Every structure is written in C-alpha cells, then in structure tokens.
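Colleague:
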Amino acid sequence: DSIPALRAMIFGKVQHTDAQKQPGKYVALDCEMVGVGIDGEESSLARVSIVNFHGVVLLDEFVSQKERVVDYRTQWSGIRPADMVHAHPFEEVQKRVADLLQDRILIGHAVYNDLKALLLAHPRSYTRDTQHLAYKHKVVKGKRPALRNLVKQELGVAIQEGEHSSVTDARATIAIFRIHRKEWEKDQKAPLMRATAVADPQSEEDEEPVALDHGKGSKKRSATDDLSEDDSDIEPEPPAKSTRSKKVASRPPRAGSGKTGISTGLTVVVKRRGVKSKEGRAAVQSKTKSADPDWWKRLG
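Dropping the structure here:
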C-alpha cells in the first residue's frame, strides 16, 4: 500500500470499485461520545462508524440518548444537538454493529473502549488493536500512543486537530493496520468462531465454542476482494487430538478454557454445561417429595 494512496483514503478522496465496496474480511470501528450525568462527566455513546479495508463507510449512525445530554463535547466529538434529530436507538445500532462484526476481523485503536461503549465483546483472536500492536512491534516507544500521533508518524498527516470524526478516525486506523498488516498478522491464527451474544461477564465462564453454520445464507466474496485484502489468509486451527479414552473424549469441552471472550451480536447460541444434570437432580428431588407429601413432618 502506497502512503499517498492511504493518505487520500483517510480523507475520503478515493474512488472505489464495486468489489472494494463489499464488507470483506477486515473492518475498522470508531466511536464518539457525549457527556451525561452530573456536570457531563459520564460518557455516553453518540456516534458509531465502521469502514472496510478500503475505507468505504459501512455504517455511520448517531445514537439517541436516554439521558439528557449535558455536554456534547463538540470541540472533540464533532457532535451537535442537530445530529440527534435523526439518531437511532442504542439497541438498533448495537445490533447493526454486531451483524457487521460477525465473522470478521475487527480493527480499532484502543478498540476495547469502543466495544465497552457498545456493550459488545469480540473474540480476541479476531481483534486487532493498533494501539497495542504498535507498541508490541516497537513502532512507537510509548505503551499507549494516541491515534493522531501514530498517524502523524507513519503517514505524515494530521488528524483530530479540531473536531473529531469517527469516520476519519476509523479510516486512519485501517490505514495504520494496512501499513503493518503483513508483520502484525504473521503469528495470527483463527480458532472456531463463538456463538453470537451481547457481552455478559456473568456468562463467559459457562459458554462453549460453537461452530457457526455457513449455509445457504453465506455470501462468497469475489475473487477481486480476496486478492485485494486476503492474501494473508487466516486458517482455522485443526482440532487437537485427545489422549483420553473415547468415553472421556465424548464429553463436551470445558467451558471458558480458552478465555477468548464471547463474540459480538444479539442472538444467544451457547451451550450451558450442567443444565441437564441439574434438571435431573431437581426431577429426582421433586419425585421424592411428591411421593411422600408429609416428609417434612419427620424432620427433627
């Protein structure tokens, strides 16, 4: 990727082919916040933008607020009261984001802050945080480089000098990733995707990996799209061979062992360990009690 082309892409000065307008394998996310609560100190999600590998906008929505906005933070967020006129409910935007991120590699700068604002989680193996990767691969010295500083260093252009734009920031993030993609993707391997669910820290220990069914609804990408962004294909890891007996191996895998987190989305398709056994115990207890309705009289 040439630096001049990436600069033009950041500021939306590129013409795209129909193939380049498809979502593809990589998407970049950025969010803007407004202030609510006392003195506007609490942050509330107000705008969400997602672009694809080529900087094409896949989603750019304002989010309606359930609380009174105390501070629009316009000098940083670029958001004004007029932007809220046609804003969409949080749940609607959250679902659209989740659908776009499903089965795709998510790129973001300090991306876990954006996911937290959306109340979503995404598998770690399908997440690329440019802030973390830039430090890990010694692109910068600081542990948490600001996006504007990283873009200035790598691309020689200035962003966020005034009001921010989540579209520009998302494009800048994907531009940084494209510069270093081959190096940053060397050691990445993708396991089976998990079932989709809204982020729920209480359920992380109980869920189990579920292979997604790519049936008739799955749409294949064009050859042009594959050549443009998928030359470093990520292959799923083969299932590990078990050394246990067939009887032990037939048991479901221990939930939470990978600790990769649940993926984005709203449809819960997770298997719960122990549900059957708990119901079985409850049924036995119920039968015992119903067979002798005066069992409690003999206690003590």
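For the sequence shown, our numbering assigns the number 73 to the initial residue and increments by one for each residue that follows.
Heads up, the beta-carbon is just placed ideally off N, CA and C, and yes, glycines get one too.
Please read these numbers as outputs of a predicted model, since none were measured by experiment.
Let me confirm a value: residue 240 is counted as buried when at least 16 other C-beta atoms fall within 10 Å, else exposed. Which label applies?
Modeller: In the sequence shown, residue 240 corresponds to position 168, counting from 1. Residue 240 is buried by the Cβ-count criterion.
Colleague: Alpha carbon to alpha carbon, what distance is there between residue 98 and residue 92?
Modeller: In the sequence shown, counting from the first residue as 1, residue 92 sits at position 20. In the sequence shown, counting from the first residue as 1, residue 98 sits at position 26. Using only the alpha carbons, I get a separation of about 12 Å.
Colleague: At a cut of 8 Å, does the region 189-197 reach the region 115-125 through at least three beta carbon pairs?
Modeller: These segments touch.
Colleague: Tell me whether residue 260 is buried or exposed, calling it buried when 16 or more other Cβ atoms sit within 10 Å of its Cβ.
Modeller: Here residue 260 refers to the residue found at position 188 when the sequence shown is read from its first residue. Residue 260 should be labelled exposed.
Colleague: Apply the 10 Å Cβ neighbour rule to residue 124 and answer buried if 16 or more other Cβ atoms are within range, or exposed otherwise.
Modeller: Here residue 124 is taken as the residue at index 52 of the sequence shown, counted from 1. So residue 124 ends up on the buried side.
Colleague: So for residue 79, helix, strand or coil by DSSP?
Modeller: Your numbering for residue 79 matches position 7 in the sequence shown. Three-state DSSP puts residue 79 in a helix.
Colleague: Does DSSP classify residue 146 as helix, strand or coil?
Modeller: As a first step, residue 146 is located in the sequence shown; it is residue number 74 there, counting from the start. In the structure shown, residue 146 sits in a helix (DSSP, three-state: H, G or I).
Colleague: Going by DSSP, name the residue or residues bridged to residue 119.
Modeller: If you number the sequence shown from 1, residue 119 lands on position 47. Residue 119 pairs with 104 and 134.
Colleague: Identify which residue in 219, 140, 215 and 204 has its Cα closest to the Cα of residue 113.
Modeller: Numbered from its first residue, the sequence shown carries residue 113 at position 41. With distances taken between Cα atoms, residue 113 lies closest to 140.
Colleague: What residue does the beta strand (DSSP E) around residue 187 start on, and which one ends it?
Modeller: Locating residue 187 in the sequence shown gives position 115, where the first residue counts as 1. Taken as a continuous stretch (DSSP letters only), residue 187 belongs to no beta strand (DSSP E), being part of the alpha helix (DSSP H) at 183-190.
Colleague: Using 8 Å for Cβ pairs, my map puts residue 430 next to residue 108. What's the rounded Cβ distance?
Modeller: Within the shown structure, residues of the chain are numbered from 73 to 372, placing residue 430 beyond reach of any answer.
Colleague: Please report the distance separating the alpha-carbon of residue 149 from that of residue 104.
Modeller: Mapped onto the sequence shown, residue 149 falls at position 77. Mapped onto the sequence shown, residue 104 falls at position 32. Those two C-alpha atoms are separated by around 6 Å.
Colleague: Who does residue 163 pair with in a DSSP beta bridge?
Modeller: Taking the sequence shown and counting its residues from 1, one reaches residue 163 at position 91. In the DSSP output, where bridge partners are listed per residue, residue 163 has none listed.
Colleague: Looking at C-beta atoms only, is the number of pairs between the region 169-184 and the region 199-211 that lie closer than 8 Å three or more?
Modeller: Yes, since at least three Cβ pairs between the region 169-184 and the region 199-211 fall closer than 8 Å, the two stretches touch.
Colleague: On a CA-only basis, which of 217, 209, 232 and 237 is nearest residue 254? Give me that one, please.
Modeller: As a working note, residue 254 is residue 182 in the sequence shown. Nearest of 217, 209, 232 and 237 to residue 254, Cα basis: 209.
Colleague: Taking just the CA atoms, how far does residue 90 sit from residue 235?
Modeller: Mapped onto the sequence shown, residue 235 falls at position 163. Mapped onto the sequence shown, residue 90 falls at position 18. Cα to Cα, residue 235 sits roughly 31 Å from residue 90.
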